[in-house]
Amino acid sequence: MANLTPELEKWRLKILKVAEGYGLDMFETIFEMITYDQINQFAAYGGFPVRYPHWRFGMEYEQLSKSYEYGLSKIYEMVVNTDPCYAYLMEGNRMVDQKLVMAHVYGHCDFFKNNQWFAPTNRKMMDQMANHATRIRRYTDRYGVDVVEDFVDKILSMENLIDRYSPYIKKSSEKERQDEEAKRSEVSLLRVNRDYMDEYINPQEFVDHQRKRQAEEASRSMKFPAEPERDILQFLMHYAPLKNWQQDIISIIRDEAYYFAPQGMTKIMNEGWASYWHSKIMTQDILSDSEIIDFADAHSGTMAMAPGGFNPYKVGIELFRDIEDRWNKGRFGKEWNECDDIQAKANWDLKLGLGREKIFEVRRNFNDVTFIDEFLTEDFCVRNKMFVYKFNKRTGQYEVDTRDFGQVKKQFLFQLTNFGQPIIQVEDANFENRGELLLTHRFEGIDMQPNYMVETLKNVQVIWGRPVNLATVQDQQPKLYRFDGKEIHEIAIGQPPSESAVSDSEH
Amino acid sequence: MAIREDHSRFRDIIRGRIKENFKKYVSQGEMIGKRENDFVKIPVPYIDIPRFKYGPKQRGGVGQGQGSPGDPMNGEPQEGTGEAGNQPGEHQLEVDVSMEDLAQILGEELELPDIKPKGRPKMDAIKNRYNGIAPVGPAGLRHFKSSYKRALQRYISSGVYTPETPVIVPIRGDFRYRSFKPVVQPQANAVVIYMMDVSGSMGEEQKEIVRLESFWINTWLKKHYKGLEARFIIHDATAKEVDEKTFFSTSESGGTLISSAYKLTKEIIEADYPPNEWNIYPFHFSDGDNWSGEDTRLCMRLLQEFFLPNVNQFGYGQVESKYGSGQFAKDLEREFPNDDRLVVSKIENRDKILGSIKDFLGKGR
């Protein structure tokens, strides 16, 4: 399948050997040389040659083609997380670029294979996606393009309403739940060995109290869902009044959302890791002298920071290098933390040489949230000139707010938690005992964008069939939004939240 | 390929949305300010899929770079670059629509017939564009950056580069030059001449209507004539030729002699646009007041003797104003009751612009 020129193939083998020499461990990686138009097309489809028909891929394609044609951006590389791994090289790129891309891709492949957050990922996604496409095309043939497309549009508007952590959690099985149920039916009293002591050990008040608690618990389990559900797509798929083909489309879109989720959860790490290795492999082993400048040009282009922007490649690579340096020099642990002699800290070097080992461990166990939480240091923040920006209503522009380390870290973690998207869950599927759906927004101090919120709510209502309610906060006032299929109602509820109720990261 | 299918589906959706709002665009003219060469930016409602998300202004974020607390940041904050396609992106609510597409939609909406050009077929002119780099060329076209890069590469690969004394001396082989490619450009063979009455009775609103109307006429004519030329004449009691910007911003006062503009137009055509080679479209916009019956008669004679035999079509648009009597349109209609070459259209307000464009362009001349 691979269609590399003999020269590229020679370099590929060389780079592969170097990468393996450093301890990288990849799936088999198949490189294909394609034209810029093909690469734009694949990129529009998220890396997959066959996806179900939808206009947004066309929109994506148009934007990519336009910005390539106007010279605004081009895609250097694309790699698909499957086994074997597929990666694309663009025809007409310089040799040095192709080498860089191959080294970078091997970094990604190693990450895909070894990072634990990718463990539940379906590695045969190429086939799965093609399968999805066939199913949706069949529905299109049977029910018409407009009907199916309209339904897909509605579900895509809820694409982000999944529980990203659920693949990593084992839910209690049905049997365990039944046991629990049985246990609950008896009133739990304290154990008594002598009958005559019973009324003293378990007095009537205590028995009543236990009964009451049990009744409460029982009524809670009557509520449906018993616990708030974050996988709203799954919930709708199971409980909304849908036809089979509609359920199937939800399961398709949900599957794909779960497939892409770990890539979003490890963006900084994944890009940082790949950049770390392309830089190491290229500068240490591969580049010839005459290629250094072009390499530096391309590398610095990828690492560039837009003014005020934040570049995952840059933050990632710098953090990995920082970790390696710290563990090489032993700048961690109790002694290091408790040392407050600036001079001693500056010259601290225990010559442990643990850096390489440490970064491999980090790439296996962490995701972006835990990565930043664990390894972002004050020193690093200062060195990389990091700050928090805010929108100033008075001047109408974004301003630097603070460089305080605590604030930067807090903002950073907030941005990464749930991809910086609001957390919404199904609270009650029989709200007000009328079969209405109640969604709650776990408010973290930031309002949702009202017009998007209302449109999305309308889409949920179409799927649920009955009126849909959303409890959230707008302009510091808790509110309930209700859409009954015709009109949006906005009802103020409760007291404004206190100022301190701001973001705590969830895991 | 599958992407073509999805792409044309996307284009259809956009066109559908644009068509829904077409009337609004025409009468509000918001797209005229958003022109960039051959594209206009048109806002499209909800082309990105609505989701629950945070409002952007409250969000804030982490950035990197210079600046003290309180300093404004340059530009809007952006998430850095990344590989495409992994995550749902946020899209602008504006799409670029080419002028050609726009003309197409205009044509479909108004059921306009295609124009049949007269005269000689188009001539193509060849022009050179400097957009490449070549190893040979005249010294005047030397490209500094490329040349420097070549020299630096040579230094490093031959091992004589020392970072302590970074002196680079280029040799002949290092130099790179700008180079050109010939580009074929079609020769203009159509001209549109806009005349506007700027006497005291024409107010801001009237001029805005003329502006919108002329934009759409231009769009349609450009679809048929690649290198359309446009000339602008303003007049009160006397006429003068101005540039496009002045045309729409000038406000004069005083009387009105329509014949002054017609005479000037006649001179321009005679000097620059021989009628047997050019497709000529004069458009005159006024509120219909003329100084005297004598002058109106002079205008009619000019139309009869010079304009109508020589132009593709003569358009007269009468903008309603509270001072104008609207007499000139009546005079024209009486004088040339059934002449295809003369189109008279009355534009009472913005909502009538579409209808008026149809009047002007509906004959396919």
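Each protein sequence line maps, in turn, to chains A and B. Heads up: the first sequence at position 132 corresponds to 132 in the working numbering, and the numbers run straight through without jumps. Start counting at 1 in the second sequence, then tack on 1000, and there's your number in the working numbering. By construction, the Cβ of each residue, glycine as well, lies at the ideal position given by its N, Cα and C atoms.
query	result
Apply the 10 Å Cβ neighbour rule to lysine 393(A) and answer buried if 16 or more other Cβ atoms are within range, or exposed otherwise.	exposed
Please tell me whether glutamine 421(A) has its Cβ less than 8 Å away from any Cβ of chain B.	yes
Could you work out which residues of chain A lie near lysine 1149(B), taking near to mean beta carbons separated by less than 8 Å?	Ile293
Along chain A, which residues have their Cβ under 9 Å away from the Cβ of glutamine 1153(B)?	Asp289, Ser290, Glu291, Ile292, Ile293, Asp294
Kindly indicate which three-state DSSP category glutamine 343(A) falls into: helix, strand or coil?	helix
Can you look up isoleucine 488(A) in the DSSP assignment and give me helix, strand or coil?	strand
To the nearest angstrom, how far is the alpha carbon of asparagine 365(A) from that of phenylalanine 391(A)?	35 Å
Within the same chain, show all residues whose beta-carbon is closer than 7 Å to that of aspartate 83(A), passing over the 5 residues directly before and after it, in chain order.	Phe27, Arg123
Identify the contact partners of histidine 54(A) in chain B, using a Cβ-Cβ distance below 7 Å as the criterion.	Asp1006
Are the CB atoms of tyrosine 36(A) and glycine 1060(B) nearer to each other than 8 Å?	no
I want to know whether the segment 270–286 of chain A touches the segment 108–127 of chain A - three or more CB-CB distances under 8 Å.	yes
Just tell me which of Asp150(A), Glu229(A), Leu189(A) has its CA closest to the CA of lysine 212(A).	Leu189(A)
In three-state terms, what does DSSP make of tyrosine 1194(B)?	strand
Once you ignore the five residues that flank valine 148(A) on each side, which residues in its own chain have a CB closer than 7 Å to its CB?	Ile136, Tyr139, Thr140
State buried or exposed for glycine 23(A), treating a residue as buried only when at least 16 other CB atoms are found within 10 Å of its CB.	exposed
Let's see if you can read the secondary structure: which residues bound the beta strand (DSSP E) around glutamate 159(A)?	Segment: none, glutamate 159(A) is in no beta strand (DSSP E) and carries neither H nor E.
Looking at chain A, is there any beta carbon in it that lies within less than 8 Å of the beta carbon of proline 1135(B)?	no
Output, in chain order, the set of chain A residues within a Cβ distance shorter than 8 Å of tyrosine 1054(B).	Gly420, Gln421, Pro422, Ile446, Asp447, Met448, Gln449
Which residues in chain B sit within 7 Å of leucine 319(A), going by Cβ to Cβ distance?	The premise fails here: leucine 319(A) is roughly 13 Å from chain B at the closest Cβ pair, so nothing lies under 7 Å.
With a threshold of 8 Å between beta-carbons, can methionine 1099(B) be considered close to chain A, or not?	no
Which runs of the alpha helix (DSSP H), 4 residues or longer, sit entirely within the segment 236–284 of chain A?	244–265, 267–281
Under a Cβ-count criterion, where at least 16 other Cβ atoms within 10 Å of its own Cβ denotes burial, should alanine 492(A) be classed as buried or exposed?	exposed
Need the endpoints of the beta strand (DSSP E) that valine 1167(B) sits in, please.	No beta strand (DSSP E) holds valine 1167(B); DSSP gives it neither H nor E.
So the candidates are Gln263(A), Asn430(A), Ala296(A); which of them puts its Cα closest to the Cα of alanine 119(A)?	Gln263(A)
Between valine 148(A) and chain B, is any beta-carbon pair separated by less than 8 Å?	no
DSSP three-state label for valine 1319(B), please.	strand
Please report the Cβ distance between lysine 154(A) and asparagine 459(A), rounded to the nearest whole angstrom; I am assuming they are in contact, meaning their Cβ atoms lie under 8 Å.	4 Å
Do we get a CB-CB distance below 8 Å when we pair threonine 417(A) with the residues of chain B?	no
If the cut-off is 9 Å on Cβ atoms, which residues from the segment 383–395 of chain A count as contacting chain B, listed in chain order?	Asn384, Lys385, Met386, Phe387, Val388, Tyr389, Lys390, Phe391, Asn392, Lys393, Thr395
If we count Cβ pairs, one from each stretch, closer than 8 Å, do we get three or more for the segment 40–58 of chain A versus the segment 92–110 of chain A?	no
Going by DSSP, name the residue or residues bridged to alanine 471(A).	Thr440(A), Leu480(A)
Mark lysine 1053(B) as exposed unless 16 or more other C-beta atoms lie within 10 angstroms of its C-beta, in which case mark it buried.	buried
Measure the C-alpha to C-alpha separation of leucine 1102(B) and isoleucine 1014(B) and round it to an integer number of angstroms.	12 Å
Could you name the residues that DSSP lists as bridge partners for asparagine 1128(B)?	Pro1182(B)
Is glutamine 397(A) helix, strand or coil when you go by DSSP?	strand
What's the C-alpha gap between lysine 1226(B) and alanine 304(A)?	42 Å
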